[in-house]
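Heads up, the thing below is written out as structure tokens.
Numbering (our numbering), first residue to last: 576 to 754.
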């Protein structure tokens, strides 16, 4: 199948997070925040300075191992990875992207030993989420929830969809950068 075919583009842009053990949390009461369009204009994220990541053969081999279920690798060597805010991550589903923003809420799932970092607003109204394995998150701090909340970070990885919201599964510590 050709990289330029419509089927290829449709499958790549509708990439769903692969099936994995998922813990659904129940939120008792959260006030609905302002719309994402309002927040994008009135509360823009502080952009990190000098993010220049270029696609290399080494990066290709590493990302095949990090995301084994993804089949649509089409970046040429030397391609500059895009940088976007968490507000706009929805437009880059199926792409390797640098996503930056401020973490509004961090939540730990003891069933799967994963930390969920929610950008922009509390769950379930968040703009973007990052899933970090517990072992990797604890390399930053012994208390990752309090360490990450309120921090500005940028993450590099594959953006996927889960329940209509963009998310990124991070499997290596070097995919997360604090600025």
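For glycine and all other residues, C-beta sits at the position ideal for the given N, C-alpha and C.
The structure presented is a predicted model; accordingly, all values stated were derived computationally and were not measured.
**Nonlocal neighbours in the same chain, by C-beta distance under 7 Å from residue 750, ignoring five residues either side** = Counting from 1 along the chain shown, the entry for residue 750 is found at position 175. 730, 731 and 732, listed in sequence order.
**Request:** State whether the region 694-713 contacts the region 650-659, with contact taken as three or more CB pairs (one from each stretch) at a distance under 8 Å.
**Result:** Between the region 694-713 and the region 650-659, the count of Cβ pairs shorter than 8 Å is below three; the stretches do not touch.
Spatial distance of residue 715 from residue 669 (CA atoms): By 1-based counting over the chain shown, the position of residue 715 is 140. By 1-based counting over the chain shown, the position of residue 669 is 94. Between the alpha carbons of residue 715 and residue 669 lies a distance of about 27 Å.
- the region 705-722 / the region 613-623 touching (three or more Cβ pairs under 8 Å): The answer is no - the region 613-623 does not touch the region 705-722, with fewer than three Cβ pairs under 8 Å.
(Q) Judging by CA-CA distance, which residue of 665, 666, 702 and 667 is the nearest neighbour of residue 677? (A) By 1-based counting over the chain shown, the position of residue 677 is 102. Distances from the alpha-carbon of residue 677 to those of 665, 666, 702 and 667 put 702 closest.
To the nearest angstrom, report how far apart residue 673 and residue 734 are at their CA atoms.
Translated into the one-based positions of the chain shown, residue 673 becomes position 98. Translated into the one-based positions of the chain shown, residue 734 becomes position 159. Going by C-alpha positions, residue 673 is about 9 Å away from residue 734.
Inset, instruction - State buried or exposed for residue 649, treating a residue as buried only when at least 16 other CB atoms are found within 10 Å of its CB. - result: Within the chain shown, numbered from 1, the residue matching residue 649 stands at position 74. Around the beta-carbon of residue 649, fewer than 16 other beta-carbon atoms lie within 10 Å, marking it exposed.
Practice prompt. Could you tell me which residues DSSP puts in a beta bridge with residue 735?
Written response: Within the chain shown, residue 735 is the residue found at index 160, counting from 1. Within the DSSP bridge table, the entry for residue 735 names 742 as partners.
Would you check if the distance between the CB atom of residue 742 and the CB atom of residue 705 is smaller than 9 Å?
-> On the chain shown, position 167 is the one that residue 742 refers to. On the chain shown, position 130 is the one that residue 705 refers to. Yes, these two residues count as a Cβ contact at 9 Å.
| said: Considering only the alpha carbon of each residue, which of 589, 615, 632 and 699 lies closest to residue 659? | reply: The sequence position of residue 659 within the chain shown is 84, counting from 1. For residue 659, the nearest C-alpha among the options comes from 615.
Reference residue 589, options 603, 607 and 740, closest by Cα: In the chain shown, the residue the question calls residue 589 occupies position 14. Comparing Cα-Cα distances from residue 589 to each of 603, 607 and 740, the minimum goes to 740.
Taking only runs of the beta strand (DSSP E) that begin and end inside the region 592-657, which ones reach a length of at least 3 residues, in chain order?
Runs found: none.
Where residue 657 and residue 745 are concerned, what is the direct C-alpha to C-alpha distance, given to the nearest angstrom? Position 82 of the chain shown, counted from the first residue, corresponds to residue 657. Position 170 of the chain shown, counted from the first residue, corresponds to residue 745. Going by the C-alpha atoms only, they are around 17 Å apart.
- Can you tell me which of the three DSSP states residue 710 falls into? Here the question's residue 710 lines up with position 135 in the chain shown. Of the three classes helix, strand and coil, the one that applies to residue 710 here is helix, per DSSP.
Item to check | Range of the contiguous alpha helix (DSSP H) that encloses residue 720 | outcome: Reading the chain shown from its first residue, position 145 is the one you call residue 720. Counting along the chain, the alpha helix (DSSP H) containing residue 720 begins and ends at 719-723.
query: Considering residue 692, what are the terminal residues of the beta strand (DSSP E) in which it resides?
result: Looking up residue 692 in the chain shown gives position 117. First-last of the beta strand (DSSP E) with residue 692: 689-694.
From what residue to what residue does the beta strand (DSSP E) around residue 681 run? Reading the chain shown from its first residue, position 106 is the one you call residue 681. From DSSP, the beta strand (DSSP E) with residue 681 extends over 671-684.
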